[in-house]
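Here is the structure we will look at.
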Amino acid sequence: MNVELTELTRRFGRTQAVVGVTLKAGPGVFGLLGPNGAGKTSLLRMMATVLPPTSGTLRLLGRDPDGYGPRREIRRRLGYLPQNLGYYPGFTVTDFIEYFALLKDMPPGQVPRAVAAAIEQVGLGDKARAKMRTLSGGMLRRAGIAQAIVNEPELLLLDEPTAGLDPEQRVAFRSLLREFGQRATVIVSTHLVEDVAAACSEVTLMDAGRMVFHGTPGELIARGEGHGVGDAPLERGYSAVLAAARS
Amino acid sequence: MTVTSAPVRSTPRQAPQAAPRNMARLLWVELRHNAMPLVLPLIAVIFWFDSYRIAATLPPLWNTRLYYILGQGHALLDFAPFVAGVAAWMGSRDTRRGTGDLVTATVRPRWEAQLATWAATVIWAVGAYLVFVAVTLVLLGRPDVWGGLPWWSVAADGVGVAAFASAGFALGASFPGRFITPIAAFAGFFAMGISSQIGFSASGGWALILPTMSTGNFGQDAGIFYQFLPDLPMARVMFLAGIAVTAVGLLGLPVSAGGPRLRRSAAAVTVTGAAAVVAAVALAFTAQVGPYGTVIPALHDAASDRPVPYTPVCGNAGIPVCLQPAYRPYLSDVTTALRPVISQVTGLPGAPVRASQSAAIFATGAALKGLGQIPALGGSPPVLSLPLGAISLPDSFGQDSPSFISQLKVEFVHALVVSGGATYGNPAQQAVEAVLLQNAGIPLAAQPHAIPWPISSGPRQTATYPQPIAAAAQRLAAMPATTRRAWLAAHLPALRAGRLTLGQLP
Chain V
3 MNVELTELTR RFGRTQAVVG VTLKAGPGVF GLLGPNGAGK TSLLRMMATV
53 LPPTSGTLRL LGRDPDGYGP RREIRRRLGY LPQNLGYYPG FTVTDFIEYF
103 ALLKDMPPGQ VPRAVAAAIE QVGLGDKARA KMRTLSGGML RRAGIAQAIV
153 NEPELLLLDE PTAGLDPEQR VAFRSLLREF GQRATVIVST HLVEDVAAAC
203 SEVTLMDAGR MVFHGTPGEL IARGEGHGVG DAPLERGYSA VLAAARS
Chain L
937 MTVTSAPVRS TPRQAPQAAP RNMARLLWVE LRHNAMPLVL PLIAVIFWFD
987 SYRIAATLPP LWNTRLYYIL GQGHALLDFA PFVAGVAAWM GSRDTRRGTG
1037 DLVTATVRPR WEAQLATWAA TVIWAVGAYL VFVAVTLVLL GRPDVWGGLP
1087 WWSVAADGVG VAAFASAGFA LGASFPGRFI TPIAAFAGFF AMGISSQIGF
1137 SASGGWALIL PTMSTGNFGQ DAGIFYQFLP DLPMARVMFL AGIAVTAVGL
1187 LGLPVSAGGP RLRRSAAAVT VTGAAAVVAA VALAFTAQVG PYGTVIPALH
1237 DAASDRPVPY TPVCGNAGIP VCLQPAYRPY LSDVTTALRP VISQVTGLPG
1287 APVRASQSAA IFATGAALKG LGQIPALGGS PPVLSLPLGA ISLPDSFGQD
1337 SPSFISQLKV EFVHALVVSG GATYGNPAQQ AVEAVLLQNA GIPLAAQPHA
1387 IPWPISSGPR QTATYPQPIA AAAQRLAAMP ATTRRAWLAA HLPALRAGRL
1437 TLGQLP
């Protein structure tokens, strides 16, 4: 398994952000659904090795990130797009992605080609020399995705990747996700169920830090049959599971 | 096959063997996006206004022109607040920009990423300092400026810039926030201000290590008669480099900075830096401020004590007058000053047979008696030694050629009449001085009534002589020159020894 979580818990003071999550995932696109404050971002930050769990075990790409050496090896194979993408306004798109490629310890000889490829993959080729401060919200998001995929990660963690993307870009992005899912584990945190329906082969639904559903999108749709809340079948399944979890 | 049932894909990835090239490329990216260049025009304006503009008006001697810039630390003062502030801005960048998670989730330890940003910041700051100093030396060096250059002081201030940049960076990285830049800038300014104040008041001990401490730093004739002693600047390099290294090391100590091995390295770096600081302060405690600069026994190289060889340039003022060639522009003024006095005393017992420039030395030890600070007569036959380096030369701090000539006349007459030179002289001596000066072209009413010591570098204050002295001087002045000369020939040795009273004057 590329991702193995066992009873993973994270607390911030008295607040329990993630409570006893157990999950396994191999290659493919994995959807992480849930309302705001469900614990998706905390779970992704733990998987990105930037937030240590309070308890439970975490194995990523067959390694325990608790040890420094294994953690470095995980990070070498990791791509991560945080929910709130920070950026350096004075950097060009190319510089920004190159900067993170270098921090990911990519061999310098491979960096220029990898950076150019990542920029093309997210459709920012014509903005490669533009300063980050001049980009729109959607373009910034795409630049963030480009830095996440520049090192051809085996584990790609994307937190709200489609926020700010226009419909055309979202379609292209889902295609990119499916392509990556052929060779890597892609975990996409989102509250847009249509992204899950279009790209994910498996989905987990979280609420109040707990995992309340795990299955395929089809199984989630099945949960919503006869449930009246939501326009699309997956939305109805989403609402039905949440309602059941909260009742 | 679902996602959860698929096997782990195992792609072997070798760690790249080109880590140094990777870091070099990272540094290049950081150099191109560093904020330091944005503040350099402001520093340039302040540097020009505060350092260069004043130095350019000073006499064409390197030690004089650079005393203000390097000796009193104005160059560092111009750089330090801005460099510290901008470095704090760069140090706090990841937190301000919200890239902390992105950077942390990469392979490179946080400390290494910070080192690239820090290195770019320091390179810009120190590079700018070196360029400013180089341009200043070129501009100040036209057309001809004499003397050696205090390269170790240049290096010490350069390391000082790096120290302020490093401390500011560490402050910004440790306490990121919107106010950290002005706080770091103010802290830099405050540190320099305190350093300057201590430098003005302290005369030795640990305070010598401070970069703005001018005591024992710049000999008045350093680089001309004797070499700039590198001992103290070397200790300062150690002190300031220690601060820089400590600041960088501290960044690597938190758990988030990297792995155990890297943090152990950071701890070693921190300890090394702190040890350098402590060692430098300890060296300063052993320093002895001597006549030609500060000697630190552990760092001192005897080769630095060798005087600078030169071939004097000479003129004639009734007696040969020879100066170090650096002072050639003032030879004419010196002969003009000495000639009217020499003409009155030539052939008298104790009158000099020649005048020769001597090295000005620090006002300690023997210099407290005036030696090396004011002209003095010595030897047999008597030679007038002229430590011109201790006298405000024309074009320096309000001094002009006529006042320089007047001052030399006063000091020469004083050396001739008052043995030892550094005392005020008794009333009889003052009366004789007054007559000699009047005959040398300084009216009685314009003469200073006493020779203060240390000699003031500013314009001399004049005052009316006490009535008995003025009356005696007028009696002497009214005498025929031959009679006065005969009296001087008979009584000059007793007068010089202070054995004559006012009543014994004719």
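Heads up: the protein sequence lines correspond to chains V and L, in order. The first sequence begins at 3 in our numbering and counts up by one. The second sequence begins at 937 in our numbering and counts up by one. Every residue, glycine too, gets a C-beta built ideally from N, C-alpha and C. All values reported here derive from a predicted model rather than from experimental measurement.
Residue i to residue j span [Cα, whole Å]
i	j	result
L963 of chain L	R79 of chain V	23 Å
L46 of chain V	L159 of chain V	7 Å
V1166 of chain L	P1323 of chain L	The amino acid at residue 1166 of chain L is misidentified as Val; the sequence shows Pro. About 23 Å.
P54 of chain V	R961 of chain L	31 Å
D1157 of chain L	S1268 of chain L	20 Å
F98 of chain V	V52 of chain V	20 Å
A1123 of chain L	A1143 of chain L	19 Å
R1033 of chain L	L87 of chain V	9 Å
G125 of chain V	R144 of chain V	8 Å
I1179 of chain L	Y90 of chain V	29 Å
V1173 of chain L	A1092 of chain L	5 Å
R1411 of chain L	S1339 of chain L	27 Å
Y1003 of chain L	S1132 of chain L	14 Å
P1190 of chain L	H969 of chain L	26 Å
G111 of chain V	A234 of chain V	48 Å
W1059 of chain L	T1182 of chain L	Before going on, a small fix: residue 1059 of chain L reads as Ile here, not Trp. Each residue's alpha carbon lies about 18 Å from the other.
L1073 of chain L	G1063 of chain L	15 Å
D1014 of chain L	L974 of chain L	15 Å
Exposure label - residue i; buried when at least 16 CB within 10 Å
i	result
D1037 of chain L	buried
R1242 of chain L	exposed
V981 of chain L	exposed
D168 of chain V	exposed
S1316 of chain L	exposed
E227 of chain V	exposed
A1171 of chain L	buried
W1087 of chain L	exposed
I1130 of chain L	exposed
E1347 of chain L	buried
G1229 of chain L	buried
P1379 of chain L	exposed
E156 of chain V	buried
V31 of chain V	buried
S1342 of chain L	buried
A1239 of chain L	exposed
D68 of chain V	exposed
F1161 of chain L	buried
V188 of chain V	buried
E9 of chain V	exposed
V231 of chain V	exposed
E162 of chain V	buried
T1418 of chain L	exposed
S1279 of chain L	exposed
Bridge partners - residue i, DSSP secondary structure assignment
i	result
A1256 of chain L	Looking at the sequence shown, residue 1256 of chain L is not Ala but Pro. L:N1252.
E6 of chain V	V:K26 and V:R61
Q1335 of chain L	In DSSP, Q1335 of chain L forms no bridge with anything.
Q1224 of chain L	L:V1231
S1292 of chain L	L:C1258 and L:S1321
I189 of chain V	V:F32 and V:L159
A1312 of chain L	L:S1321
Residue-chain proximity (residue i, chain A), Cβ-Cβ < 8 Å
i	result
H969 of chain L	In the structure shown, chain A does not exist; the protein chains are V and L.
> What are the start and end residues of each continuous alpha helix (DSSP H) run of 4 or more residues lying completely inside the region 197-231 of chain V, in chain order?
Replying inline: Within the region 197-231 of chain V, complete alpha helix (DSSP H) segments of at least 4 residues are found at 219-225, given in chain order.
> Pairing CB atoms from the region 984-993 of chain L with CB atoms from the region 1102-1112 of chain L, are three or more of them under 8 Å?
Replying inline: Taking 8 Å as the limit for Cβ pairs, the verdict is that the region 1102-1112 of chain L does not touch the region 984-993 of chain L.
>> Going residue by residue through the region 1102-1185 of chain L, where are the continuous alpha helix (DSSP H) segments of at least 4 residues, counting only ones entirely within it?
In response: Within the region 1102-1185 of chain L, the runs of alpha helix (DSSP H) at least 4 residues long that lie entirely inside it are, in chain order, 1116-1137.
> Mind pulling the beta strand (DSSP E) runs of 3 or more residues that sit fully within the region 11-72 of chain V?
Replying inline: The qualifying runs are 17-27, 30-35 and 57-62.
> Touch check for the region 58-70 of chain V and the region 5-25 of chain V: three-plus C-beta pairs under 8 Å?
Replying inline: Judged by Cβ distances under 8 Å, the region 58-70 of chain V makes contact with the region 5-25 of chain V, as three or more pairs qualify.
>> So within the region 73-107 of chain V, which uninterrupted beta strand (DSSP E) runs reach at least 3 residues, ignoring any that extend past its ends?
In response: The qualifying runs are 80-83.
> For the region 60-77 of chain V against the region 87-102 of chain V, are there 3 or more C-beta pairs whose distance is under 8 Å?
Replying inline: No: fewer than three Cβ pairs fall under 8 Å.
>> Ignoring anything shorter than 4 residues, give me the alpha helix (DSSP H) runs that lie fully in the region 114-159 of chain V, in order along the chain.
In response: Listed in chain order, the complete alpha helix (DSSP H) runs (minimum 4 residues) inside the region 114-159 of chain V are 139-151.
> Can you list the beta strand (DSSP E) stretches of 3 or more residues lying completely in the region 1013-1081 of chain L, in chain order?
Replying inline: For the region 1013-1081 of chain L, there is no continuous beta strand (DSSP E) assignment of 3+ residues that stays within its boundaries.
>> Three or more C-beta pairs under 8 Å: does that hold for the region 1060-1072 of chain L against the region 126-134 of chain V?
In response: Inter-segment contact for the region 1060-1072 of chain L and the region 126-134 of chain V is absent: fewer than three beta-carbon pairs are separated by less than 8 Å.
> At a cut of 8 Å, does the region 1245-1254 of chain L reach the region 1218-1236 of chain L through at least three beta carbon pairs?
Replying inline: Taking a contact to require three or more Cβ pairs closer than 8 Å, the region 1245-1254 of chain L and the region 1218-1236 of chain L do not qualify as touching.
> Is the number of C-beta pairs between the region 168-185 of chain V and the region 204-219 of chain V that are closer than 8 Å three or more?
Replying inline: No, because fewer than three Cβ pairs between the region 168-185 of chain V and the region 204-219 of chain V fall closer than 8 Å, the two stretches do not touch.
>> Please give me, in chain order, every unbroken run of the alpha helix (DSSP H) with length at least 4 that falls completely inside the region 965-1022 of chain L.
In response: As for any alpha helix (DSSP H) of minimum length 4 sitting wholly inside the region 965-1022 of chain L, the runs are 972-983 and 998-1002, ordered along the chain.
>> Would you call the region 991-1000 of chain L in contact with the region 1109-1126 of chain L, where contact means no fewer than 3 C-beta pairs closer than 8 Å?
In response: The region 991-1000 of chain L is not in contact with the region 1109-1126 of chain L.
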